[in-house]
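Heads up, my numbering is the position in the sequence shown plus 4, with the first residue counted as 1.
Think of the CB as a built atom: it goes at the ideal place given N, C-alpha and C, for glycine as much as any other residue.
Have a look at the structure below before the remarks.
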Amino acid sequence: MTVYLVGAGPGDADLLTLRAAKLLARAEVVVHDRLIDDSVLAMASVNAELIDVGKAPGDSVSQAIINDLLIALGRSHDCVVRLKGGDPFVFGRGGEEMIALRDAGVATDVVPGVTSALSGPLAAGIPVTHRGVARGVTVVTGHVFDESDDYFRRIAHPELSLVILMGVGQRARIAEQLTEGGLSAETPVAVIESAWTARQRVTRATLFELPNLDVAPPAIIVVGPTAALDVATTMSAATVRW
Ligand code: SAH
5 MTVYLVGAGP
15 GDADLLTLRA
25 AKLLARAEVV
35 VHDRLIDDSV
45 LAMASVNAEL
55 IDVGKAPGDS
65 VSQAIINDLL
75 IALGRSHDCV
85 VRLKGGDPFV
95 FGRGGEEMIA
105 LRDAGVATDV
115 VPGVTSALSG
125 PLAAGIPVTH
135 RGVARGVTVV
145 TGHVFDESDD
155 YFRRIAHPEL
165 SLVILMGVGQ
175 RARIAEQLTE
185 GGLSAETPVA
195 VIESAWTARQ
205 RVTRATLFEL
215 PNLDVAPPAI
225 IVVGPTAALD
235 VATTMSAATV
245 RW
């Protein structure tokens, strides 16, 4: 009687961990999010019940309902997989679900996944850390601001790669605050939509151009000098402007 919080990786089923694949084959019930690729769901046993608790924007199955569902399933089944995109503890509310299950006395375990925060840039040939270009990487959500929130002004840093998840809707405000925080309007930007799926699309631009880019979620936004790199093809570090 265990509920496994399992990372599904960014898309393609080949990027599942072996542990995730084994659990999917064993699970009696798979409770999954909206962004899970069909190739991953196909790894579940044909006898498994698949439950989609995906949250389309504005149409949410509340987190409390999901927690209650997982608790009930955990009490009535041997093996339940709660499948979450990427890594379950990176903006997936996996931590909250694990606490709710534990508080209810349901056995849980967690299986890491390949997060889109790092594998999305990689899919575009962007190494988020690169000697002489970026000393590190900051992963943040672009979601949920109120009017007084100036977070992006405070985290602007020219020597780091900034990786923004869930940032497409707020991209104008993010660009404005990063510029106010000291980043040049010429700072490279890359947007990777639907990384590691058949719909993957990469757009390169500058911070100045970010607000007007024609891009749609799910997407990863990379801001910083590494966003100009594509080590998989032609560009070299020499094309970075600083
Ligand atoms: N736990 C997930 C993130 C969940 S938040 C992870 O570790 O990847 C959902 C956001 O992740 C999306 O809005 C988008 O910004 C990003 N995302 C997830 N999968 C993606 C993919 N295949 N391509 C681009 N962005 C993705």
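Suppose the cutoff is 6 Å on Cβ atoms and the five residues either side in sequence are ignored; what does the same chain contact list for residue i look like?
i      : result
Leu214 : Arg175, Ala179, Val193
Met170 : Thr145, Gly146, His147
Arg208 : Ala194
Leu20  : Gly13
Pro221 : Val172
Ile55  : Val35
Any chance the CB of residue i is under 7 Å from a heavy atom of the ligand SAH?
i      : result
Thr142 : no
Pro116 : no
Gly58  : no
Val226 : no
Met3   : With the chain represented from 5 up to 246, any question about residue 3 goes unanswered, as that position is not in the structure.
Lys26  : no
Gly90  : yes
Val94  : yes
Leu233 : no
Leu39  : yes
Gly15  : yes
Ala223 : yes
Glu101 : no
Gly124 : yes
Thr207 : no
Thr119 : yes
Thr201 : yes
Ser198 : yes
What three-state label does DSSP hand residue i in the structure shown?
i      : result
Thr230 : helix
Glu163 : coil
Asp72  : helix
Ile103 : helix
Thr183 : helix
Gly78  : helix
Gly11  : strand
Leu19  : helix
Thr237 : coil
Val115 : strand
Val35  : strand
Val144 : strand
Pro215 : helix
Gly90  : strand
Arg135 : coil
Ile130 : coil
With a threshold of 8 Å between beta carbons, is residue i in contact with chain C?
i      : result
Val114 : Of the chains in the structure shown, none is chain C; there is only one protein chain.
Excluding five sequence neighbours on each side, which residues of the same chain lie with their C-beta closer than 7 Å to the C-beta of residue i?
i      : result
Thr230 : Ile130, Pro131, Val132, His134, Val137, Ala138, Ser165
Val235 : Gly129, Pro131
Ala223 : Val172, Val195, Ile196, Glu197
Figure out for me which residue from the options has the closest Cα to the Cα of residue i.
i      : options                        : result
Leu27  : Ile103, Val85, Asp234          : Val85
Gly89  : Gly173, Val195, Gly124, Thr142 : Gly124
Asp91  : Leu45, Ile40, Asp82, Leu54     : Ile40
Ile70  : Gly96, Val57, Arg79            : Val57
Gln67  : Leu182, Ala24, Val35           : Val35
Ile159 : Asp218, Val206, Val141         : Val141
Leu73  : Trp200, Val33, Val114          : Val33
Thr119 : Ser188, Pro162, Met102, Phe95  : Phe95
Ser212 : Val114, Glu190, Ala111         : The question names Ser, yet the displayed sequence has Phe at residue 212. Nearest option by C-alpha distance: Glu190.
Thr6   : Val65, His81, Val44, Asn216    : His81
Leu182 : Ala25, Ala24, Phe156, Ala199   : Phe156
Pro162 : Glu151, Arg177, Gly185, Val172 : Gly185
Ala25  : Ala108, Pro116, Glu53          : Pro116
Phe93  : Ala111, Leu77, Ala121, Ala108  : Ala121
Here's a check: name, in chain order, each residue in its chain whose Cβ is nearer than 8 Å to the Cβ of residue i, leaving out the five neighbours to either side.
i      : result
Ala29  : Met47, Ala48, Ser49
Glu100 : Gln67, Asn71
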